[in-house]
Amino acid sequence: MLVSANLRQALEHSRAVATRFDKRAYILHGTVTLVSIKLWLRP
């Protein structure tokens with residue numbers, strides 16, 4: 004549960020996701036996926 008809370012908080016602080024308004028769900032899903040990978044790979 005802690006991991007999902009930390010991921011949610013990190014995604015909310017990411018400007019790419021926080022300011023997104025997409026009409027298509029797959030575009031938003033792709034954005035969240037890319038930001039998640041970026042967060043996972045950071046040192």
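Just so we're aligned, residue 4 is where the sequence shown starts under my numbering, counting upward by one.
We put the beta carbon where it would ideally sit given N, CA and C, even for glycine.
Rounded to whole angstroms, the Cβ separation of L31 and A13 is 16 angstroms, and the two are not in contact under 8 angstroms. When secondary structure is reduced to three states using DSSP, K41 falls in the helix class. Excluding sequence positions up to five before and after S39, its CB lies within less than 8 angstroms of the CB of L10 and L14, all in the same chain and listed in chain order.
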